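The block underneath contains the structure these notes are about, expressed in structure tokens.
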Amino acid sequence: NAGVTQTPKFRVLKTGQSMTLLCAQDMNHEYMYWYRQDPGMGLRLIHYSVGEGTTAKGEVPDGYNVSRLKKQNFLLGLESAAPSQTSVYFCASSSRTFSGNTIYFGEGSWLTVV
Amino acid sequence: QQPVQSPQAVILREGEDAVINCSSSKALYSVHWYRQKHGEAPVFLMILLKGGEQKGHEKISASFNEKKQQSSLYLTASQLSYSGTYFCGTGEDRDDKIIFGKGTRLHILP
Numbered sequence: 023n024a025g026v027t028q029t030p031k032f033r034v035l036k037t038g039q040s041m042t043l044l045c046a047q048d049m050n051h052e053y054m055y056w057y058r059q060d061p062g063m064g065l066r067l068i069h070y071s072v073g074e075g076t077t078a079k080g081e082v083p084d085g086y087n088v089s090r091l092k093k094q095n096f097l098l099g100l101e102s103a104a105p106s107q108t109s110v111y112f113c114a115s116s117s118r119t120f121s122g123n124t125i126y127f128g129e130g131s132w133l134t135v136v
Numbered sequence: 017q018q019p020v021q022s023p024q025a026v027i028l029r030e031g032e033d034a035v036i037n038c039s040s041s042k043a044l045y046s047v048h049w050y051r052q053k054h055g056e057a058p059v060f061l062m063i064l065l066k067g068g069e070q071k072g073h074e075k076i077s078a079s080f081n082e083k084k085q086q087s088s089l090y091l092t093a094s095q096l097s098y099s100g101t102y103f104c105g106t107g108e109d110r111d112d113k114i115i116f117g118k119g120t121r122l123h124i125l126p
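Protein sequence lines correspond, in order, to chains V and A. Add 22 to a position in the first sequence, counting from 1, and you land on the number used in my numbering. Add 16 to a position in the second sequence, counting from 1, and you land on the number used in my numbering.
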């Protein structure tokens with residue numbers, strides 16, 4: 023059972039380039055999330071989805087877009103990468119309700135923007 | 017709004033106890049606790065729901081005081097494997113998103 027899988031694991035981008043991070047979960051979870059983690063800042067929610075075809079903004083959504091076309095996939099896009107987006111990105115998923123249900127995290131994607 | 021965790025960091029010797037606190041300025045429905053090792057994903061420890069409950073997980077337990085909007089994580093007779101960064105995440109109602117604090121770094125010395 024793979025759980026939550028993120029691709030790619032590592033990526034270096036030049037400022038202004040675009041890219042998409044892919045998250046896939048095989049637990050049939052309704053909710054999916056993208057967090058970013060920076061030193062001393064903890065885990066900050068970028069965007070989340072409560073079901074196929076729906077997305078919502080989190081704490082730090084600027085500069086990112088997301089799509090949830092299939093229940094098992096949640097894509098995070100950077101249209102024009104900036105050095106401030108250098109971070110570790112974690113995708114996660116949980117059952118129908120946020121609260122009262124375990125959030126399962128992927129292994130992370132390390133992104134460097136130069 | 018991120019919950020506030022304290023302390024930011026703590027160093028213990030193996031066998032000592034630790035308490036990590038998490039507080040919010042808003043009424044809470046749930047508190048989630050996770051531990052993260054360096055370079056790895058956060059790992060689930062426990063969830064506490066509105067009702068002031070207390071939970072235990074081996075030598076790790078937690079309490080949730082909804083009136084004070086606070087939760088505490090208790091690490092008893094700490095082991096080397098307890099080292100890592102601990103995060104609390106809070107939700108304001110049943111279907112609310114979970115927002116995490118900045119974390120508490122715990123280092124256990126032999």
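C-beta: ideal position from N, C-alpha, C; glycine also. Quick caveat: nothing in here was measured; it's all calculated off a predicted structure.
Between residue i and chain V, is any beta-carbon pair separated by less than 7 Å?
i	result
P19(A)	no
P58(A)	yes
F80(A)	no
G117(A)	yes
L89(A)	no
L64(A)	no
K113(A)	yes
Within 7 Å (strictly less), CB to CB, does residue i reach chain C?
i	result
T124(V)	Among the protein chains of the structure shown, namely V and A, there is no chain C.
Hey, would you say residue i sits closer than 7 Å to residue j, going by beta carbons?
i	j	result
S131(V)	H51(V)	no
Q28(V)	G128(V)	yes
D60(V)	A24(V)	no
L89(A)	E30(A)	no
Y102(A)	I36(A)	yes
G117(A)	Q17(A)	no
L44(V)	L97(V)	yes
H69(V)	T76(V)	no
R51(A)	L64(A)	no
L67(V)	G80(V)	yes
According to DSSP, which residues form a beta bridge with residue i?
i	result
G107(A)	S46(A)
G100(A)	L122(A)
S40(A)	BP columns for S40(A) are empty, so no partner.
D33(A)	According to DSSP, D33(A) bridges with nothing at all.
L127(A)	With chain A covering only 17 through 126, there is no way to say anything about residue 127(A).
Q28(V)	C45(V)
G64(V)	D60(V)
H69(V)	W56(V) and K79(V)
A25(A)	R121(A)
Y90(A)	V35(A) and S77(A)
Taking 6 Å as the cut-off, is the C-beta of residue i nearer than that to any heavy atom in the ligand ATP?
i	result
S39(A)	As for the ligand ATP, it is missing from this structure, which has no ligand bound.
Tell me, please, whether the CB atom of residue i is closer than 7 Å to any CB atom in chain A?
i	result
L133(V)	no
L65(V)	yes
Y138(V)	This structure does not reach residue 138(V), given that chain V is present from 23 up to 136, and the question cannot be answered.
G130(V)	yes
F96(V)	no
F127(V)	yes
Report all residues from its chain with a CB closer than 7 Å to the CB of residue i; omit the five preceding and five following residues, and keep chain order.
i	result
A104(V)	T37, G85 and V135
Q94(V)	A46, Q47 and D48
S40(A)	P19, Q85 and T106
V26(V)	C45, Q47, C113, A114, S115, Y126, F127 and G128
N123(V)	S116 and S117
For residue i, I'd like the list of residues in its chain whose CB is within less than 6 Å of its CB, leaving aside the five on either flank, ordered along the chain.
i	result
G107(A)	Y45, S46 and I114
L91(A)	A34, I76 and Y98
G99(V)	T42 and N87
S102(V)	G38
Residues in its own chain within less than 8 Å of residue i by CB, not counting five upstream and five downstream?
i	result
P58(A)	Y50, R51, Q52 and F103
Three or more beta-carbon pairs under 8 Å between the stretch 85 to 103 of chain V and the stretch 38 to 57 of chain V, yes or no?
yes
Does the pairing of the stretch 73 to 81 of chain A with the stretch 101 to 115 of chain V give three or more beta-carbon distances under 8 Å?
no
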